[in-house]
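Quick note, my numbering runs 96 ahead of the 1-based positions in the sequence shown.
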Amino acid sequence: MKKIFLGLIIVLGCLQANQTFAQNQLNAADFGFLPTESGINNTKALQALVDKGGTIYISKIGTYKIAGTVYIGDSTSLVFGDGTSLEKSAENGKFAYVFLNKGALTKTYNYHISIIGLNLKVNGVDTWMGEVYGDRGHVSFIWVKDLKIERFRCTDLASGQFCIQVCTFEDLLINDVIIKGKKDAIHLGRGKRFRISNGVFETGDDAIALAAGDWISGNPELGDIEDGLIENCYDLKADKLEGAFAKIVPSAWVDWKPNIEVRHGDAVVSNGKIYRVLAALDGKVYTSITAPSFTETSKEIDGIKWMLHQVDTFHTAVVRNVTFRDIYLESIRVPFQIMCYDNNYSHSYYKGARLPVQGNIHLDNITVLSNNKKPLINISTPLDLLTITNSTLKDNGIEFKQGRDMDEYLKTNISINNTTFTSGGNYTIIKNNIKGKVIKLRTSGSMETGENFKANVEAGTGKIDVESDLSGLKK
């Protein structure tokens, strides 16, 4: 009798556990989210589901129209089954975000969010900005911790919006993605601890942007990006070609002072906050007489429109401790760009600001598949350490470029190990165009496969200290 009673307790306990488990797993079709419904109805149905939290399955095969933003909160997983796709629909007018976390609107963190198996169709519903200024992703998360996006597809990216944008994050995983189109595929801002893996990109603009300091319209917050791994990715040739496979953009700004000259995009620290100038894209310089100190979203002072960008007092935003591993480059653009903007859209470095030094960038098993003779890397910011290992390069070197307002670039250490050089004849491994730049180059374990290969460096008005096993450089 005791054994029977104990058995009943176990069975009842299992039933209760299964019931609780089932309550946390929702089938979207049971709640009216269907391929046959309008985008407006589907948006309402999916929002109601997401508000419940837990795991939501979209399993009925078909294309689901969506006509507005779905706002996601904590502890929520969306799982899209094979044969399903989500299509933006302009039934209610164009809109920016398909998914946005709720905390993006209040600058409070959301936790434990997953989107699995999403096949997104932009369908021409593309607008350059949404509710959060600087946030331009179709799938966007700002102020988020523990975010996973996996098995993601989008092949009709238009020219206004990024595909995936994440800013002010911790612990980000993006895995198994295919993204094609005209704009940035993955655009990251301020954050730490991330991995982007198993990606195929065919984009007119950046495949991956690590934009610590960005255009005022390109990210909602400034800040460091650090401790990341980008691995097993392919950069295919696109019809429209600009940007890079990976663009790294830092920034630096100063404290506000009377009569400071500013232009569109400039940032200043004032009254415990970072403010930025929002002006016409004409390069016009304004003189600021009165310090910005407001708490509203924006305000015009002395004929200058200021935006309250964020409540912080730091003065630099840099990228450090990032590894690119197993990267295959078919595109003919410069694949890696470590740069500061200086144009009408953005002014990354304010003259006299603290130097924004990038740190410890590692390229491992990089394979150049095209016959692109452009540099492997363009560098126009301070960088302390660049390491290249186990790679296969053609006629692709490293080029340092001078920015307009930066007078000092500090020393850059470059280590190239166990790398194969396939070009023949003369090969410029480093070309320096920065006045007074100091570079330390070390190579070891090199393989030369091109006929009459002979490496050289062009120091310009700088200095390059070389210890190398390459023909033409070894002593």
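From the three backbone atoms N, C-alpha and C, an ideal C-beta is built for every residue, glycine too.
Looking at the strands, I want to know which residues DSSP matches up with residue 263. 238
Rounded C-alpha distance that separates residue 244 from residue 331: Roughly 22 Å between the two C-alpha positions.
Quick check on the DSSP output: the beta strand (DSSP E) that includes residue 161 runs from which residue to which? 158-162
When the Cα of residue 417 is compared with those of 423, 472, 322, which residue comes out closest? Closest in C-alpha terms to residue 417, from the list 423, 472, 322, comes 322.
Give, in chain order, every unbroken run of the beta strand (DSSP E) that is at least 3 residues long and sits entirely within the stretch 540-571. 550-554, 559-563
Taking just the CA atoms, how far does residue 443 sit from residue 571? 43 Å
So if DSSP puts residue 121 in a beta bridge, which residue, or which two residues, is it bridged to? Bridge partners of residue 121: 151.
Name the two residues that bound the continuous beta strand (DSSP E) containing residue 146. From DSSP, residue 146 is part of no beta strand (DSSP E) but of the alpha helix (DSSP H) over 135-146.
Note down the Cα distance separating residue 173 from residue 329, rounded to an integer number of angstroms. 25 Å
Beta-carbon proximity of residue 122 to residue 145, cut-off 9 Å: yes
For residue 388, count neighbouring Cβ atoms within 10 angstroms of its own Cβ and tell me buried if that reaches 16, exposed if not. By the 10 Å Cβ count, residue 388 comes out buried.
How long is the line joining the alpha carbons of residue 445 and residue 253, rounded to whole angstroms? 30 Å
Does the beta-carbon of residue 544 have 16 or more other beta-carbons within 10 angstroms, so that it is buried, or is it exposed? buried
Buried or exposed, going by whether 16 or more other CB atoms sit within 10 Å of the CB of residue 392? exposed
First and last residue of the beta strand (DSSP E) that includes residue 363? 363-366
Following the continuous beta strand (DSSP E) through residue 176, name the residue where it begins and the one where it ends. 172-176
Spatial neighbours of residue 535 in its chain, beta-carbon cut-off 6 Å, leaving aside the 5 residues before and after: 508, 560
Output the distance between the C-alpha atoms of residue 326 and residue 398, rounded to the nearest integer angstrom. 45 Å
Apart from the five residues on each side of it in sequence, which residues of its chain come closer than 7 Å, Cβ to Cβ, to residue 567? 544, 549, 550, 551
Between the alpha carbons of residue 396 and residue 478, how many angstroms are there, rounded? Cα to Cα, the separation comes out at about 34 Å.
Alpha carbon to alpha carbon, how far is residue 148 from residue 609? Give it in angstroms, no decimals. The first residue shown for the chain is 97 and the last is 571, placing residue 609 beyond what the model contains.
What is the C-beta distance between residue 372 and residue 412, in whole angstroms, given that I count them as a contact (C-beta under 8 Å)? In this structure, residue 372 and residue 412 do not form a Cβ contact; the two beta carbons are roughly 15 Å apart against a cut-off of 8 Å.
So the beta strand (DSSP E) residue 195 belongs to, where does it begin and stop? 195-197
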